[in-house]
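Student: So the protein lines, in turn, are chains U and W. Take the first sequence: its letter number 26 is residue 26 in our numbering, and every next letter is one higher. Take the second sequence: its letter number 11 is residue 11 in our numbering, and every next letter is one higher. Just so you know, even glycine gets a beta-carbon here, dropped at the ideal spot from N, CA and C. Provided herewith is a single structure, encoded as C-alpha cells, for subsequent inquiry.
There are 2 protein chains.
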Amino acid sequence: MAYAEVFTALADPTRRHIFEALREQPRTVGELAAGQPVSRPAVSQHLKVLESARLVSGEPRGNRRLYSIKREGLEELRQYLESFWSDALSAYSAEIARRIKEE
Amino acid sequence: MAYAEVFTALADPTRRHIFEALREQPRTVGELAAGQPVSRPAVSQHLKVLESARLVSGEPRGNRRLYSIKREGLEELRQYLESFWSDALSAYSAEIARRIKEE
DNA sequence: ACTTACGGTAAGTCATGGCTTACGCAGAAG
DNA sequence: CTTCTGCGTAAGCCATGACTTACCGTAAGT
C-alpha cells in the first residue's frame, strides 16, 4: 500500500520539480529553494513529504542538509505498474466480448 | 508532461479504487458506484478525471456507459519511471563523493 | 562569546478539489 | 406517448493541503 504515498507525493507540481532537481545531483535545502518560486520553509515541508514517501533522503553536512534521490519509492511505484501490465487483460477483453453479445 | 495528469488522477484514494475495480473487468457507472462509499455523481466526476488522464475509457451501451481500463496513461507513467532508472546515477554518486571530500 | 547562516517547526491564511443534492437529457420499457 | 432507469452536469459546502511569516535550535565564522 506504500505506492499511495508515492502518488500523493508526486502529484504536486512543486514537489515534482524538487524531486527532478535532485535527479541531477544532491542539493541542500537552500539550493533547492533558490530554484523554486516558493519560500524555503515550503521546500522543507515538501522534502518531508518526499522523504516519508521514500523518494528522497537527507543527511546532515555540517551546517546544512544534503538531500538526494532515494529509489525505494520509485521501486514501489514500478511494482504497482508492473502488476497492471500482464494480468487482467484476457479476462478483460473476454468480458467486453460477453457484454457486447448481450445487447 | 502528460504523466502529471496521471499522478494527480491516481493520487486520490477513491479514484484508485475505481481504477482498480476496472482492472478486473469493465463496469458501468452504477456498478462502480455500488462498490464505493460515495455517490454516483461523485463516481462520474472521478471517471472524468481518469478519462482525461487516459487511464480509462467509456463507451455507450444503450442506456448505460461501460468503462474499461485504458493503458495509455499507465504507459506514460512507466516511461517517466524508466527515465529515472538508468540515468543520473553515476553523475549522482560522483557528486556525493565530491561533496563529502569537500568537508 | 557574538554573530551569521542554514534549516526545521508553528500558526494562520487561502485556494483547490472532493463531496453532496438538485436537475436535465437520452435511451429502454410499458 | 408516458414512465423509468442510467448518467452527466451545475451549484454550493467543507476539509485538506500548499503557502506565508515568525520563531527557535544548531553549526560555523570572527
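From the DSSP output, read off the bridge partner residues of residue 27/U.
Tutor: Answer is 67/U.
Student: Please give the ranges of any alpha helix (DSSP H) in the region 25-60 of chain W, keeping only runs that are unbroken, at least 4 residues long and fully inside the region.
Tutor: You should have 29-34, 40-52.
Student: Comparing C-alpha positions only, which one of 63/U, 15/U, 36/U, 62/U sits nearest to residue 47/U?
Tutor: With distances taken between Cα atoms, residue 47/U lies closest to 15/U.
Student: If you measure from the beta carbon of residue 50/U to each beta carbon in chain W, is any gap under 7 Å?
Tutor: Not closer than 7 Å to any Cβ of chain W, the Cβ of residue 50/U fails to qualify, so no.
Student: I'd like to know whether the C-beta of residue 2/U is nearer than 7 Å to at least one C-beta of chain W.
Tutor: For residue 2/U, the answer is no, since every Cβ of chain W falls outside 7 Å of its Cβ.
Student: How big is the Cα-Cα spacing for residue 8/W and residue 49/W?
Tutor: Roughly 9 Å separates the two Cα atoms.
Student: Is the Cβ-Cβ distance between residue 84/W and residue 74/U less than 7 Å?
Tutor: For residue 84/W and residue 74/U, yes; Cβs fall inside 7 Å.
Student: For residue 37/W, go through chain U and note every residue whose CB falls closer than 8 Å to its CB, in chain order.
Tutor: The premise fails here: residue 37/W is roughly 17 Å from chain U at the closest Cβ pair, so nothing lies under 8 Å.
Student: Output the distance between the C-alpha atoms of residue 2/W and residue 13/U, rounded to the nearest integer angstrom.
Tutor: Taking the straight line from one Cα to the other gives about 12 Å.
Student: Residue 30/U: buried (16+ other C-beta within 10 angstroms of its C-beta) or exposed?
Tutor: By the 10 Å Cβ count, residue 30/U comes out exposed.
Student: With DSSP run on the structure shown, which of helix, strand or coil describes residue 62/U?
Tutor: Residue 62/U: coil per DSSP, three-state reduction.
Student: Would you kindly work out how many angstroms separate the C-alpha atoms of residue 53/W and residue 63/U, rounded to a whole number?
Tutor: Residue 53/W and residue 63/U: Cα-Cα distance of roughly 43 Å.
Student: Where residue 99/U and residue 45/W are concerned, what is the direct C-alpha to C-alpha distance, given to the nearest angstrom?
Tutor: Legend: pLDDT at residue 99/U = 42, less than 50; position of this residue unreliable, value from coordinates given subsequently. Near 24 Å, if we compare the C-alpha coordinates of residue 45/W and residue 99/U.
Student: Could you work out which residue in 17/W, 23/W, 24/W, 76/W is closest to residue 33/W when comparing CA atoms only?
Tutor: For residue 33/W, the nearest C-alpha among the options comes from 17/W.
Student: Got a sec? Which residues, its chain only, sit under 8 Å from residue 39/U by beta carbon, not counting five neighbours each side?
Tutor: So the qualifying residues of the chain are 33.
Student: Return yes when the Cβ of residue 66/W is within less than 7 Å of the Cβ of residue 78/U, no when it is not.
Tutor: Against a cut-off of 7 Å, the Cβ pair of residue 66/W and residue 78/U comes out as no contact.
Student: Check whether the Cβ of residue 19/W lies closer than 7 Å to any Cβ atom in chain U.
Tutor: No, residue 19/W does not count as interfacial toward chain U.
Student: Using 7 Å as the limit for Cβ to Cβ distance, is residue 74/U near chain W?
Tutor: Chain W, which has a Cβ nearer than 7 Å to the Cβ of residue 74/U, makes this yes.
Student: For the alpha helix (DSSP H) containing residue 4/U, list its first residue and its last residue.
Tutor: Unbroken alpha helix (DSSP H) run through residue 4/U: 3-11.
Student: Does the beta-carbon distance from residue 161/W to residue 11/U come in below 7 Å?
Tutor: Because chain W in this structure spans residues 1 to 103, residue 161/W falls outside the shown range and cannot be described.
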